[in-house]
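Presented below is the structure to which this report refers.
In my numbering, the protein residues as written are 307 to 1380.
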């Protein structure tokens, strides 16, 4: 792969030129793309990831940000020889040279890449820190990217994360066995379990934890505990069940158990009481939850107990609390970085208000909603909270922000403190230039904040200086530009954003300037059922929010992910193009409200319905037809006699799209052509297979790129970048799952009578618990036992309907198909093109394909009543050949031929065109060539013309004879073996022997034979156009007519009779002889 060299800012034109050449760039997460635009890659010396700039814009940046110029110089002047040398120089405690990544997916990818980038900058060696990674059998089978990046891979048990990445005992055992210096847990899994840092500290080697110590993690990582501490520290909090509970944490260094219990929900009844006191809507949350798990929104008292139970099930054993839901609020967060010496700083922040099911989808920074004064208060409150509990390392304080202050005048309220790195932390990195995983490592090695080079640059100090920084008074450089990030998840927007799993067939990321992305999988990977649904993250930087938004939309449109999974890419594009997002009118409830209106929103900008249906029918028919041919050939290869059912050329299709059922009969009308019949109307279209497994469909003269995947719930069709879902017929009696996962539990007893929309079971899908709802009123009967592993489409239970008559099936489409045609509007009317198309149609029918009768009849009429009677036909056919030879033959010969043809055009055309004069002109020039090699070369050039001229040796009669001969031969060559009365099985085996190198030819012959009725019908029409009594005209195909006249069997009766009539007429004297 091509790598960028030197400073990208100084090679603007070269970089853009290289990028312009790459139409499809295969992504190896943050590898190739990052060399251009990723601020963490070793070869990119920029501090601030400003994308591609000209030298002039770079100079302007340096004038406004002196630290940029200083950083460039620093990166060239300082190289450390060993990790011990670096730690000593930076006044740290101990070096880390080997690290265990106790995580998987994109978190592991990002950590390894970021630390290697920092390692290269400091040591000119990106492998100064060696990485050991854990890998489950599922990750190994999925060919996960992070596995290929590490120096050592340890296989761990598969299944849910309590068996592997969240198993503290297992992590400790691996860390000790591989003698690592530190453990990085990232986010999720064991990252917020205080037992991990506490146990690591007690190991013989006192292994470091790259994150906060157990005590502050226990205090602030717990949502209940952190809210009590924040409330006690006078940080504004929203109304919750622990209102008024305070503790002097500074003095006690702990939260007494009785205080903690007082702030926890005891049971469902207590939960209901607090919800009533606080007032709806409320959030029921697990204190140890996160990432959208262990949280339920409740808007009425009837749903409280069910919500409480669901949260209990998702995060077993976690304390639970209830808080007021602030409608139309924003989710803002402050990025913290603190050291073990009591210093804490806020590294700008992020707006994460675009959420779905309380899981972030879009993150951006810097924060724009609050005033500068309010934002300063929020950052100061965050650092004050960190110092209160002696917090050290990276963390995030999350707030709810509302434009309307409460009764006390507050506009922001403490939500929680996450004692770990967040998935979206690259947003902060790109606007501050601070490499957060590398800073985490340096803090863990005991290096003070004021000596970390990235932090010093942020405060506009010399990167490798030693002067102290007063973080309370000194100002940071302002955020540089604006960043918008989009999470790429394996979820289906058309099925309520249900997680999906399966094989990935293609993952292509087409970069644009200032956008980069990293993924946990690639084109050879798989998203397994125990993985996180997030498979990638894209980040867009620009000088303004609007430019960053447009950059990201372009990158998303160029991102191609195909396979067994569904993704949110298409939905994100449309969401970011909405007016609300453009104008930053968003809140934490905005996306969920938009999803609730998904059907309404999805109609906007959708492709034409009938186009989608016809393209879907084309894909299904093509797949079915090709599958039959493949099975036929495969059976021949095994020496078997395939059944005639594999030779059928028609399929009855039922497609349900947007609640309407389309009954379509699809007939194969050629190698790439199908005719789709519906309600006494039809449409023809062409289809070809693309190299990436997709299809190119030509419908009504327009090309459509389509990808069709059959799923448990129906057909998923991606056509022209739009995902369209065809559903199965509605059957509420079968309770099935559409996603792979595990049946966690039933929520009702077997035989329970339920109303429509009542949850009857919960399934665990990719770390999420999802309720299954009854589609109608009825009695539930369990089929699968709890704990069963589920595949898409598996039957979980049956529903005995209270009233089967109330089930509404899809309405049937009763309209006509549009009058589509693939023919150009101004198709040529020249006789040669008319003849060529007619012959193509008749040849296709005689090959055994199914075509509409009116098209075939039109072809016969056009051929015999028009094209073959046109005196200009020889000129048209010769001109077609001559046009390709104009530059290959002598000019005067070419002119001589054209003059002869023009003279005929100007004549009365009473006599046939004389092709002998063209032959004479060709021969005359050949006679002037003295060398045999010249003559041979000349003949080679004019060979196509030599082939055409004999077709008109005796004018149109010769051409007519050749056409009829070819059509009869098409029929005769197929039927001759069958008409001899031999056993069909013997004929097929004989054909197999004769065509052993190409068994597909046997399929073609057999396919034509089973269509004998239709072929005989149209050959009969051809024979009726033979001129009776013209002995010379039919002489070339007399032998075939004689054989056909002797064909035995009912299938040949009419054709053989017509052949005999023609032969009898031939024996009679011609009209001129009578």
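Yeah, the Cβ is synthetic: ideal placement off N, Cα and C, and Gly gets one too.
>> I need the DSSP call for residue 799, collapsed to helix, strand or coil.
In response: Your numbering for residue 799 matches position 493 in the chain shown. The answer is helix: DSSP assigns residue 799 an H, G or I state.
>> By alpha-carbon positions, which one of 876, 755, 1251 and 950 ends up nearest to residue 798?
In response: Along the chain shown, one-based indexing puts residue 798 at 492. Closest option to residue 798, Cα to Cα, is 876.
> Based on Cα-Cα distance, which residue from 555, 551, 511 and 512 lies nearest to residue 524?
Replying inline: On the chain shown, position 218 is the one that residue 524 refers to. Ranked by Cα distance from residue 524, the options 555, 551, 511 and 512 are led by 555.
> Exposed or buried, what is residue 581 when buried is set at 16 or more other beta-carbons lying within 10 Å of its beta-carbon?
Replying inline: Position 275 of the chain shown, counting from 1, holds the residue named residue 581. By the neighbour-count rule (16 or more Cβ atoms within 10 Å), residue 581 is buried.
> By a C-beta neighbour count over all protein chains shown, 10 Å radius and 16 as the cutoff for buried, is residue 1370 buried or exposed?
Replying inline: Position 1064 of the chain shown, counting from 1, holds the residue named residue 1370. Here residue 1370 is exposed. Its C-beta has fewer than 16 other C-beta atoms within 10 Å.
> Touching or not, the segment 1132 to 1150 and the segment 1305 to 1315, by the rule of three or more beta carbon pairs under 8 Å?
Replying inline: Between the segment 1132 to 1150 and the segment 1305 to 1315, the count of C-beta pairs closer than 8 Å stays below three; the two stretches do not touch.
>> Between which two residues does the alpha helix (DSSP H) holding residue 786 run?
In response: The residue given as residue 786 occupies position 480 in the chain shown. Residue 786 -> no alpha helix (DSSP H), and no H or E assigned at all.
> Whose C-beta lies closer than 6 Å to the C-beta of residue 502 among residues of the same chain, with five residues either side of it excluded?
Replying inline: The residue you call residue 502 lines up with position 196 of the chain shown. Excluding positions up to five away in sequence, the list reads 474 and 496.
>> Quick check: the Cα distance between residue 381 and residue 542, rounded to an integer number of angstroms?
In response: By one-based count along the chain shown, residue 381 stands at place 75. By one-based count along the chain shown, residue 542 stands at place 236. Only weak support is given to the placement of residue 381: the predicted model assigns it a pLDDT of 47, under 50, and the value that follows is read from those uncertain coordinates. Between the C-alpha atoms of residue 381 and residue 542 there is a straight-line separation of about 42 Å.
>> Looking at residue 448: is its Cβ nearer than 9 Å to the Cβ of residue 832?
In response: Indexing the chain shown from 1 puts residue 448 at position 142. Indexing the chain shown from 1 puts residue 832 at position 526. Their beta carbons are under 9 Å apart, which means residue 448 touches residue 832 by this criterion.
> Tell me which same chain residues have a C-beta within less than 8 Å of the C-beta of residue 551, skipping the five on either side of it?
Replying inline: On the chain shown, position 245 is the one that residue 551 refers to. Cβ within range, chain order: 534, 537, 565, 568 and 569.
> Which term fits residue 1021, buried or exposed, when burial requires 16 or more other beta carbons within 10 angstroms of its beta carbon?
Replying inline: Translated into the one-based positions of the chain shown, residue 1021 becomes position 715. By the neighbour-count rule (16 or more Cβ atoms within 10 Å), residue 1021 is buried.
>> Taking its Cβ as the centre, do 16 or more other Cβ atoms sit within 10 Å of residue 1265, making it buried, or is it exposed?
In response: Position 959 of the chain shown, counted from the first residue, corresponds to residue 1265. Buried, since its Cβ has 16 or more Cβ neighbours within 10 Å.
> With burial defined as no fewer than 16 other Cβ atoms inside 10 Å of the residue's Cβ, what is the status of residue 672: buried or exposed?
Replying inline: For the purposes of this step, residue 672 is identified with residue 366 of the chain shown, where counting begins at 1. Residue 672 is classed as buried because its beta carbon has at least 16 other beta carbons within 10 Å across all chains shown.
> Are residue 824 and residue 423 close, meaning C-beta to C-beta below 9 Å?
Replying inline: Position 518 of the chain shown, counted from the start, is the residue given in the question as residue 824. Position 117 of the chain shown, counted from the start, is the residue given in the question as residue 423. Here residue 824 is not near residue 423, since their CB atoms are 9 Å or more apart.
> What residue ranges within the segment 1096 to 1144 form continuous alpha helix (DSSP H) runs of no fewer than 4 residues, ordered along the chain?
Replying inline: Correct list: empty.
> For residue 611, which three-state DSSP category applies?
Replying inline: Position 305 of the chain shown, counting from 1, holds the residue named residue 611. The answer is helix: DSSP assigns residue 611 an H, G or I state.
>> Beta-carbon within less than 7 Å of residue 1326's beta-carbon, same chain only, minus the 5 sequence neighbours each way: which residues are those?
In response: Within the chain shown, the letter at position 1020 stands for residue 1326. 1360, 1361 and 1364, listed in sequence order.
> Using the rule of at least 16 other Cβ atoms within 10 Å of the residue's Cβ for burial, across every protein chain shown, is residue 1198 buried or exposed?
Replying inline: Counting from 1 along the chain shown, the entry for residue 1198 is found at position 892. Result: exposed.
>> Could you give the first and the last residue of the continuous beta strand (DSSP E) run that contains residue 719?
In response: By 1-based counting over the chain shown, the position of residue 719 is 413. Counting along the chain, the beta strand (DSSP E) containing residue 719 begins and ends at 718 to 724.
>> Quick check on DSSP: helix, strand or coil for residue 1364?
In response: By 1-based counting over the chain shown, the position of residue 1364 is 1058. Three-state result, residue 1364: helix.
>> Going by C-alpha to C-alpha distance, which of 965, 663, 690 and 477 sits closest to residue 1116?
In response: As a working mapping, residue 1116 is identified with position 810 in the chain shown. Minimum Cα distance to residue 1116 is reached at 965.
> Should residue 947 go down as buried or exposed, given a rule of 16 or more other Cβ atoms within 10 Å for buried?
Replying inline: What you label residue 947 is simply residue 641 of the chain shown in a count that begins at 1. With fewer than 16 other Cβ atoms from the protein chains shown falling within 10 Å of its own Cβ, residue 947 counts as exposed.
> Which stretch, first to last residue, makes up the beta strand (DSSP E) that contains residue 459?
Replying inline: Sequence index remark: in the chain shown, residue 459 carries index 153 (1-based). Note, residue 459: beta strand (DSSP E), 458 to 461.
>> Are the CB atoms of residue 1014 and residue 1002 within a distance shorter than 9 Å?
In response: As a working note, residue 1002 is residue 696 in the chain shown. As a working note, residue 1014 is residue 708 in the chain shown. For residue 1002 and residue 1014, no; Cβs fall outside 9 Å.
> Mapping DSSP to helix, strand and coil, what is residue 429?
Replying inline: Position 123 of the chain shown holds residue 429. In the three-state scheme derived from DSSP, where H, G and I count as helix and E and B as strand, residue 429 is classed as helix.
>> At the level of alpha carbons, what is the spacing between residue 562 and residue 391?
In response: Counting from 1 along the chain shown, the entry for residue 562 is found at position 256. Counting from 1 along the chain shown, the entry for residue 391 is found at position 85. Rounded to whole angstroms, residue 562 to residue 391 spans 44 Å at the Cα level.
> Hey, quick one: how far does the beta strand (DSSP E) through residue 727 stretch, first residue to last?
Replying inline: Taking the chain shown and counting its residues from 1, the one referred to as residue 727 is at position 421. Note, residue 727: premise wrong, no beta strand (DSSP E); not H, not E.
> Would you call residue 732 buried or exposed, if buried means 16 or more other Cβ atoms sit within 10 Å of its Cβ?
Replying inline: Residue mapping note: residue 732 aligns to position 426 of the chain shown, counting from 1. Buried, by the Cβ-count rule.
> Taking the continuous alpha helix (DSSP H) assigned at residue 750, which residues delimit it?
Replying inline: Here the question's residue 750 lines up with position 444 in the chain shown. First-last of the alpha helix (DSSP H) with residue 750: 742 to 750.
>> Spatial neighbours of residue 1368 within its chain, please: C-beta separation below 8 Å, excluding the five flanking residues on both sides.
In response: By one-based count along the chain shown, residue 1368 stands at place 1062. Excluding sequence neighbours, residue 1368 sits near 1329, 1332, 1334, 1340 and 1347.
> By a C-beta neighbour count over all protein chains shown, 10 Å radius and 16 as the cutoff for buried, is residue 1030 buried or exposed?
Replying inline: Start at 1 with the first residue of the chain shown, and residue 1030 comes out as number 724. Answer is buried; the Cβ neighbour count reaches 16.
>> For residue 529 and residue 722, which I take to be in contact (beta-carbon distance under 8 Å), what is that distance rounded to the nearest angstrom?
In response: Taking the first residue of the chain shown as 1, we reach residue 529 at position 223. Taking the first residue of the chain shown as 1, we reach residue 722 at position 416. The C-beta separation of residue 529 from residue 722 comes to about 5 Å, placing the pair in contact by the 8 Å criterion.
> Are the Cβ atoms of residue 1092 and residue 1052 separated by less than 9 Å?
Replying inline: Against the chain shown, residue 1092 aligns to sequence position 786. Against the chain shown, residue 1052 aligns to sequence position 746. Taking 9 Å as the Cβ cut-off, residue 1092 and residue 1052 qualify as a contacting pair.
>> Assuming residue 846 is part of the alpha helix (DSSP H), what are its boundary residues?
In response: Stepping through the chain shown from its first residue, residue 846 is reached at position 540. Taken as a continuous stretch (DSSP letters only), residue 846 belongs to no alpha helix (DSSP H), being part of the beta strand (DSSP E) at 840 to 848.
>> Taking the straight line between their C-alpha atoms, what separation do you get for residue 662 and residue 399?
In response: Looking up residue 662 in the chain shown gives position 356. Looking up residue 399 in the chain shown gives position 93. Answer to the nearest angstrom: the Cα atoms are 43 Å apart.
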